[in-house]
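Peer 1:
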Amino acid sequence: MLFYKDCQNHFETVIRRAKLYRDVGADGLFVTGIGDPAVISAITSAVFLPVNIVGGPNLATVESLAKAGIKRISMAVFVYRATYQNLEKAIKAVNTSQTLTPLF
3 MLFYKDCQNH FETVIRRAKL YRDVGADGLF VTGIGDPAVI SAITSAVFLP VNIVGGPNLA
63 TVESLAKAGI KRISMAVFVY RATYQNLEKA IKAVNTSQTL TPLF
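In this text, residue positions in the sequence shown follow our numbering: the first is 3, and each later residue adds one.
The following block contains the structure:
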């Protein structure tokens, strides 16, 4: 979470910690708070571990993230939240119309 904290050297700290994790046997790296493909590419090139990030509304395209070396994009609670928001809309529409038509 170093990209969210008030850290002076985000990039250097992530690389240093990632290498320490790798050296003690970690087989992947999860970094939050980044979305810039150039920064991601620098991280994936420096740590030689599969890198996972959290998706978000301003994240680069899947293709550009893959080119930057990302191996996995986590959706965290976002996909569930979107599902429940759509479910809530559907239920409200059914209640308003008093029919099941909004479901189809």
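Glycine included, C-beta positions come from ideal geometry on N, C-alpha and C.
I need the straight-line Cα distance from T34 to M77, nearest angstrom please.
Peer 2: Roughly 12 Å separates the two Cα atoms.
Peer 1: Is there contact here, the region 43 to 52 with the region 60 to 72, by at least three beta-carbon pairs under 8 Å?
Peer 2: Contact between the region 43 to 52 and the region 60 to 72 is present, because at least three Cβ pairs lie under 8 Å.
Peer 1: For M3, name the three-state secondary structure that DSSP assigns.
Peer 2: Because the pLDDT at M3 is just 47, under 50, the model does not fix this residue reliably, and the point stays unresolved.
Peer 1: Counting only the same chain and skipping the five closest in sequence on each side, list residues whose C-beta sits under 8 Å from that of G37.
Peer 2: For G37, where only same-chain residues beyond five positions count, the Cβ hits under 8 Å are I55, G58, N60, L61, A62.
Peer 1: Considering only the beta carbon of each residue, do V41 and F80 sit closer than 8 Å?
Peer 2: Contact flag unset, no.
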